[in-house]
Amino acid sequence: ANQFGMKEALAQLGIKDINEGTSTGLNHFSNGEILESYSPVDGQLIAKVKTSTAADYEKVMQSATEAFKTFRLMPAPQRGEIVRQFGEKLRENKDALGKLVSYEMGKSLQEGYGEVQEMIDICDFAVGLSRQLHGLTMHSERPQHRMYEQYHPLGVVGIISAFNFPVAVWAWNTALAWIAGDVCVWKPSEKTPLCGIACQNIIAEVIKENNLPEGISCLINGDYKVGEMMTNDKRVPLISATGSTRMGKIVAQTVAGRLGRSLLELGGNNAIIVTPDADIKMTVIGAVFGAVGTAGQRCTSTRRLIIHESIYDTVKDAVVAAYKQLSIGNPLDENNHVGPLIDTHAVEMYNRALTKVVEQGGKILVEGGVLSGEGYESGCYVKPAIAEADNSFEIVQHETFAPVLYLLKYSGTVENALDVQNGVAQGLSSAIMTNNLREAEHFLSVAGSDCGIANVNIGTSGAEIGGAFGGEKETGGGRESGSDAWKVYMRRQTNTINYGTSLPLAQGIKFDL
Ligand code: NAD
5 ANQFGMKEAL AQLGIKDINE GTSTGLNHFS NGEILESYSP VDGQLIAKVK
55 TSTAADYEKV MQSATEAFKT FRLMPAPQRG EIVRQFGEKL RENKDALGKL
105 VSYEMGKSLQ EGYGEVQEMI DICDFAVGLS RQLHGLTMHS ERPQHRMYEQ
155 YHPLGVVGII SAFNFPVAVW AWNTALAWIA GDVCVWKPSE KTPLCGIACQ
205 NIIAEVIKEN NLPEGISCLI NGDYKVGEMM TNDKRVPLIS ATGSTRMGKI
255 VAQTVAGRLG RSLLELGGNN AIIVTPDADI KMTVIGAVFG AVGTAGQRCT
305 STRRLIIHES IYDTVKDAVV AAYKQLSIGN PLDENNHVGP LIDTHAVEMY
355 NRALTKVVEQ GGKILVEGGV LSGEGYESGC YVKPAIAEAD NSFEIVQHET
405 FAPVLYLLKY SGTVENALDV QNGVAQGLSS AIMTNNLREA EHFLSVAGSD
455 CGIANVNIGT SGAEIGGAFG GEKETGGGRE SGSDAWKVYM RRQTNTINYG
505 TSLPLAQGIK FDL
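Residue numbering for the sequence shown follows the UniProt record's numbering, starting at 5 and increasing by one per position.
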């Protein structure tokens, strides 16, 4: 496993043969079964992780709830200073952590570094925000009264994350939660547990150097059963869950059952509309990167291209030609465009989608297939595929987390393309390629895209941390990262103060004694 300096990277991040760490790393109390993490890059065992038992979880919650009592008293800009130091540590570890992300998850090294950069960026954002947790002041209807609102931290924030962004999603949540005064308990994906250990080791250093309570950041490991301990726990007022719609429906109902708050970031079924006025060169770059980047394992990956009939053949030929240029292989080698899928189960889902699209009447334009032989020993490398399909196909309605792109044709106006684009259950990311102002504005209007993200002349994939990130419908409705997403990590309190000598009631109600 020591290609590309991986051994040194693992040592730098404190990854051992067997890792534990339910709290910040000062106290270890993982006593559960062993989880083995295999790399999809070369099929090798990277290291083992001890999972958390119910008793371990209980200790974690005690540590977290205790830490909250002191952390909430620290002034927000001082909490911002802690997040600033965390950002500095991430800069020092960017190379090693980016490599681990690439090796454990399988995304390209550039994207691994990009994920760590996103963590650094959200830290910078949060530092500034720590002085801007503003509430409004309102004019009271009563004389000599003042009314205003303030934001207080919630308490313990539970974070459940998916394998495909194994480190950035945690930071999107924690950087904001920490400046808000919350403490965090994280259950990373059981497919990428070492990324969790590495992040926890980095923040543990910052916490230790500042003599803060270790429960500010806790890590629990294991599968959905460990996640369920948190979703059922009344001591966790907010659950931020990223993953499949299937998972989100279960988590949402469990958390709602105890009237907790949930922030859901679930699956997408993202489309690019290509109108007759599209710039074809830009369209091809956006579509191909969107469909094959991270081997189609981004929540914002492009799944559908909705192309006007007048340019259909031109776009189809250009995209098919671009697929011929793709090189598939070790993602740590920057000459490759496409790395592996996360595991062989994902490969099965990919194969299933290709069989189904043909069964349901589609036509394969670029053949798929699983690669074997030297360099492909993990069995997780697949060829990006393209199929001509119809939006009504059950398989097209479904998110397949793999590089399968569906080409759909529309005729007439952009309204028809929007019916297709909005005609799915998910509502995460969407895009239109056009130089026609009327079409672009219609796409962004109330009658346009129904997604949380709507781009013009940009693909569906990827987003900046400055905006609020998330989607509608079965994507879950949550918003994370920039803009005013911080508000979900806090509770709002309306305060009215009477500085007069009588007690006038609201709405002019008289109550004389
Ligand atoms: P997944 O749903 O299988 O697992 C996600 C996490 O949820 C894991 O940590 C898992 O252990 C946990 N989990 C599963 N069932 C649970 C339950 N009943 N209770 C508590 N926790 C439970 O998803 P995955 O395969 O890791 O990730 C891929 C999916 O994530 C795709 O659908 C993708 O679109 C989505 N995703 C969405 C976003 C977004 O921001 N909208 C970002 C990344 C990934």
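Just so it is clear, CB atoms sit at the ideal spot from N, CA and C, and this is done for glycine as well.
Asked, Found
"Look up L17 in the DSSP assignment and say whether it is helix, strand or coil.", "coil"
"DSSP puts F473 in a beta bridge; with which residues?", "E484"
"Helix, strand or coil for C127 per DSSP?", "helix"
"Put E269 into one of helix, strand or coil per three-state DSSP.", "strand"
"Where does the unbroken beta strand (DSSP E) through C222 begin, and where does it stop?", "221-223"
"Is A435 close to the ligand NAD? I mean its beta-carbon at under 8 angstroms from any heavy atom of the ligand.", "no"
"Helix or strand or just coil, what does DSSP make of H349?", "helix"
"Pairing CB atoms from the segment 264-282 with CB atoms from the segment 438-457, are three or more of them under 8 angstroms?", "yes"
"Report the rounded CA-to-CA distance for A326 versus N334, giving the unit in angstroms.", "20 angstroms"
"For L432, verify whether its CB is less than 8 angstroms away from any heavy atom of the ligand SAH.", "Within the structure as shown, the ligand SAH is missing, the only ligands being the ligand NAD."
"My assumption, with CB atoms under 8 angstroms, is that V374 sits in contact with V386. Please give the rounded CB distance.", "5 angstroms"
"With distance defined between alpha-carbon atoms, name the residue in E85, C127, S244 nearest to A260.", "S244"
"Whose C-alpha, out of S248, D186, T178, is nearest the C-alpha of G200?", "T178"
"From E445, G471, M10, pick the residue whose C-alpha is nearest to that of I457; which is it?", "G471"
"Please determine, among I469, V428, Q430, V418, the residue with the shortest C-alpha to C-alpha distance to S449.", "V418"
"Under the three-state reduction of DSSP, which class applies to A510: helix, strand or coil?", "helix"
"Please work out which residues of its chain come closer than 8 angstroms, Cβ to Cβ, to S376, disregarding the five sequence neighbours upstream and downstream, and give them in chain order.", "G383"
"Between the segment 47-60 and the segment 168-184, can you find at least three pairs of beta-carbon atoms closer than 8 angstroms?", "no"
"Among P407, N395, Y316, which residue has its Cα nearest to the Cα of H341?", "P407"
"May I ask you to verify whether the segment 216-223 touches the segment 63-83, counting CB pairs closer than 8 angstroms and requiring at least 3?", "yes"
"For the ligand NAD, I want to know if D227 counts as a neighbour, meaning its beta carbon is within less than 8 angstroms of at least one of the ligand's heavy atoms.", "yes"
"Pull up the distance between the alpha-carbon of A5 and that of R302, whole angstroms please.", "Model confidence at A5 stands at a pLDDT of 49, short of 50, so the residue's coordinates are unreliable; what they give is reported in the following sentence. C-alpha separation (whole angstroms): 26 angstroms."
"Spatial neighbours of V292 within its chain, please: C-beta separation below 6 angstroms, excluding the five flanking residues on both sides.", "A326"
"Any heavy atom of the ligand NAD closer than 8 angstroms to the Cβ of C303?", "yes"
"Classify residue 4 as buried or exposed, calling it buried when 16 or more other Cβ atoms lie within 10 Å of its own Cβ.", "Any answer about residue 4 is impossible in this case: the structure gives the chain only from 5 up to 517."
"Since D128 contacts G102 with CB under 8 angstroms, what's their CB separation in whole angstroms?", "So it is not a contact: roughly 18 angstroms between Cβ atoms."
"Expressed to the nearest angstrom, what Euclidean distance is found between the alpha-carbon atoms of S43 and F473?", "29 angstroms"
"In the DSSP assignment, find the beta strand (DSSP E) that holds I436 and state where it starts and stops.", "433-437"
"Grab the span of the alpha helix (DSSP H) containing R239 for me, first residue to last.", "No alpha helix (DSSP H) holds R239; DSSP gives it neither H nor E."
"So the alpha helix (DSSP H) R308 belongs to, where does it begin and stop?", "Element bounds for R308: not the alpha helix (DSSP H) but the beta strand (DSSP E), 306-312."
"Starting from the C-beta of S248, find all residues in its chain whose C-beta is less than 6 angstroms away, skip the five residues before and the five after it, and write them out in chain order.", "G271"
"Could you please give me the residues that DSSP links to W490 through a beta bridge?", "None, per the DSSP bridge assignment."
"Taking contact to mean at least 3 C-beta pairs separated by less than 8 angstroms, is the segment 205-215 in contact with the segment 77-89?", "yes"
"Note down the Cα distance separating Y117 from S165, rounded to an integer number of angstroms.", "19 angstroms"
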